[in-house]
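Here is the structure we will look at.
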């Protein structure tokens, strides 16, 4: 996988061949096929590895935050996610965009978004236990956010 990653970064996915990958990895072509059935398979494995490594760095940064600091955890998630993406943007774009799978299979599961969703859920649960929710205020803020997201003026 490391040899394929280096090769893809150097010349892109399209021109890279399995022969070049195996040559760089110093393994026989048959060895490649013990682990992967095609170049698409190795790309899927590289996507998975990218996501796992990004998630690990986000989780490590969040673990350093105090347990009940939900605002700090969300800010840390955002900073860590952006930093992880920017630090390996070229690899991300190669494995996720240059080599789009022919179907949407594999694009639905996203462990990074799943992690954020869980963090948001846990934060909401913790915050609603700590204070009484003001339903009208919450609904109004959500309404304003929805309006802004589609370019409508909010009635402040």
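Numbering (our numbering), first residue to last: -19 to 136. Quick reminder that beta carbons are idealized off the backbone N, C-alpha and C, glycines included.
Q: Less than 8 Å between the CB atoms is what I'm expecting for residue -14 and residue 4, so what's the real figure, rounded?
A: 7 Å
Q) From which residue to which residue does the alpha helix (DSSP H) around residue 19 run? A) 19 to 43
**Q.** First through last residue of the alpha helix (DSSP H) which encompasses residue -16
**A.** -18 to -9
Q: State yes or no: is the C-beta of residue 12 within less than 8 Å of the C-beta of residue 2?
A: yes
Q: Along the alpha helix (DSSP H) that carries residue 52, what are the first and last residues, could you check?
A: 50 to 67
Q: Mark residue -3 as exposed unless 16 or more other C-beta atoms lie within 10 angstroms of its C-beta, in which case mark it buried.
A: exposed
Q. Ordered along the chain, which non-local residues of its own chain (more than five positions away) have a Cβ less than 8 Å from that of residue -18?
A. 5
Q. CB-CB under 8 Å to residue 44, same chain, minus the five flanking residues each way: which ones, in chain order?
A. 56
Q. From 37, 23, 7, -1, pick the residue whose C-alpha is nearest to that of residue -11; which is it?
A. 23
Q.
Could you check whether residue 118 and residue 53 sit closer than 8 Å to each other, using their CB atoms as the reference points?
A. no
Q: Please report the residue range of the alpha helix (DSSP H) in which residue 171 lies.
A: Shown here, the chain extends from -19 to 136; a query on residue 171 therefore has no answer.
Q: Taking all protein chains shown into account, decide if residue 34 is buried (16 or more other Cβ within 10 angstroms of its Cβ) or exposed.
A: buried
Q: Would you grab the beta carbon distance between residue 74 and residue 31 for me? Rounded to a whole angstrom, and I think it's under 8 Å.
A: Residue 74 to residue 31, Cβ: 14 Å. No contact.
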